[in-house]
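In what follows, a structure is listed as structure tokens, so that the remarks can point back to it.
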Amino acid sequence: MSSERGAAVAAAKRIVVKVGSSSISGPNAGQIAPLVDALATAHGRGVEVVLVSSGAIATGIPYLRLDGRPQDLATQQAAAAVGQNVLIFRYQESLDRYGIVAGQVLLTAGDLEHPTPRGNAQRAMERLLALRILPIVNENDTVATHEIRFGDNDRLAALVSQLVDADLLVLLSDVDAIYTKPPQQPGAVRIGRVAADDDLAGIEFGDIGSAGVGTGGAGTKVGAARLAAEAGIPVIVTATGLVDDALSGAEVGTWFDPRPGAPAHQAPGTTGAPGTTLEA
Ligand code: GLU
44 MSSERGAAVA AAKRIVVKVG SSSISGPNAG QIAPLVDALA TAHGRGVEVV
94 LVSSGAIATG IPYLRLDGRP QDLATQQAAA AVGQNVLIFR YQESLDRYGI
144 VAGQVLLTAG DLEHPTPRGN AQRAMERLLA LRILPIVNEN DTVATHEIRF
194 GDNDRLAALV SQLVDADLLV LLSDVDAIYT KPPQQPGAVR IGRVAADDDL
244 AGIEFGDIGS AGVGTGGAGT KVGAARLAAE AGIPVIVTAT GLVDDALSGA
294 EVGTWFDPRP GAPAHQAPGT TGAPGTTLEA
């Protein structure tokens, strides 16, 4: 499996990486630089990289002089409006070390479901990538609030990976993989690989966001991973600190096999024996 998976990652020409709020805001804002290092390394190999980043609300909170995440949706949206430009500034400052230019793309799931805005978004993304720009996508929180309430951009990342017909989706979080139960519980075992036909019945998903500033968790990651895998895109769920390993084809996190025969993706990684692989 490892060489098969390594080959799939090495062959990926277009990769979508999603990072959550708690990984790159507040005390973890310093993780932007190593994340950018990993993305820039892939970009330097000629890979087309799209970053889907949450963190607008979390980054905006101190600018609104709030002690913690606001409870009401309108103030969350206000925090996102304030935090989004700070977030993009931080990414650009970090990307400057490599001479890479970021492009801000704000989308809604609805945009991606309707042919006209979907076509517009697709054309813009293709052009950005052809120009070797690194698109940084977030939900457009002033007009849509799905990810604020349910997913910290996990679902959006799966939809974006389909929009750009990515060869790989990497979902980053605070935890290094999906486990058979919340990882702090005794007996939790890392799931190394999820076969395309495995519904993960009997797996308990706790909330794995540790800092309380985002809304994603293992459940939303698995849902998003399935959405992309069903469309033929292989997925890795792992920790933000392991992104470099994941992009180098190392056997980290949880790998979701793409559905064999799904459109446009006769992807490597689909031919192994079915069944979930558990790794201690
Ligand atoms: N789009 C939101 C953000 O970037 C989602 C994350 C959240 O709910 O905190 O901040």
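All residue numbers for the sequence shown refer to my numbering, where the first residue is 44 and numbers rise by one. C-beta atoms are modelled at their ideal positions from N, C-alpha and C, and glycine is treated no differently.
Have a look at V180 and P105 and give me their C-alpha separation to the nearest angstrom. 22 Å
Since I believe Q205 is in contact with A274 (beta carbons under 8 Å), could you give me their beta-carbon distance rounded to a whole number of angstroms? 5 Å
Closest by C-alpha distance to L82, when choosing among A72, I221, L202, I58: Comparing C-alpha distances from L82 to each of A72, I221, L202, I58 shows the shortest one belongs to I58.
Do the segment 106 to 123 and the segment 205 to 223 meet, that is, are 3 or more Cβ pairs less than 8 Å apart? no
Kindly list the residues whose CB is nearer than 8 Å to the CB of Q120, restricted to its own chain and excluding five residues on each side of it in sequence; keep chain order. D184, T185, T188, I191
Distance between L150 and D217 (C-alpha atoms, nearest Å): 24 Å
Would you give the residue range spanned by the alpha helix (DSSP H) that F248 belongs to? Premise fails: F248 is in no alpha helix (DSSP H) and is neither H nor E.
Closer than 7 Å: is that where the CB of D197 sits relative to any heavy atom of ligand 1? no
Between S68 and the rest of its own chain, which residues show a CB-CB distance below 7 Å, the 5 nearest in sequence each way excluded? G98, A101, T102, V256
So, for R198: in the same chain, excluding its five sequence neighbours on each side, which residues have a beta-carbon less than 6 Å away from its beta-carbon? A267
Less than 8 Å between CB atoms is the rule here; does I276 satisfy it with respect to chain B? In the structure shown, chain B does not exist; there is a single protein chain.
Per DSSP, P178 forms a beta bridge with which residues? G146
Take the Cβ of P229 as the centre, count every other Cβ of all protein chains shown within 10 Å, and call the residue buried at 16 or more, exposed below. exposed
Can you list the alpha helix (DSSP H) stretches of 4 or more residues lying completely in the segment 45 to 92, in chain order? 45 to 54, 64 to 67, 75 to 87
Which residues in the same chain as Y134 place their Cβ atom closer than 8 Å to its Cβ, once the five residues preceding and following it in sequence are excluded? I75, V79, L94, S96, A145, I179
Which parts of the segment 147 to 233 are runs of the alpha helix (DSSP H), unbroken and 4 residues or longer, counting only runs that do not cross its ends? 152 to 156, 158 to 173, 189 to 193, 197 to 206
Quick test of your reading: T263 and D219, contact by CB under 8 Å. State the CB separation rounded to the nearest angstrom. That belief does not hold up - the Cβ atoms of T263 and D219 are roughly 17 Å apart, past 8 Å.
Sheet register partners of A282 (DSSP bridge): S216
Nearest to H157 (by Cα), restricted to the options A72, L202, A244: Of the candidates A72, L202, A244, the residue whose Cα lies closest to the Cα of H157 is L202.
7 Å Cβ shell around H308 - same chain, five flanking residues per side excluded: Its pLDDT being 46, under 50, H308 is placed unreliably in this model, and the value from its coordinates should be taken loosely. So the list reads G275, I276, P301, once near-sequence residues are dropped.
Bridge partners - V95, DSSP secondary structure assignment: K61, V180
Helix, strand or coil for G262, going by three-state DSSP, please let me know. helix
Reduced DSSP secondary structure (H/G/I, E/B, other) of P303: DSSP, read as helix, strand or coil, puts P303 in coil.
What's the gap between the Cα of I234 and the Cα of G63? The alpha-carbon atoms of I234 and G63 are separated by roughly 21 Å.
Count the other CB atoms within 10 Å of the CB of R140; is the residue buried (16 or more) or exposed (fewer)? exposed
Tell me whether I234 counts as near ligand 1, meaning its Cβ is closer than 7 Å to at least one heavy atom of that ligand. no
What residue from D241, E136, H86 has the CA that sits closest to K56's CA? H86
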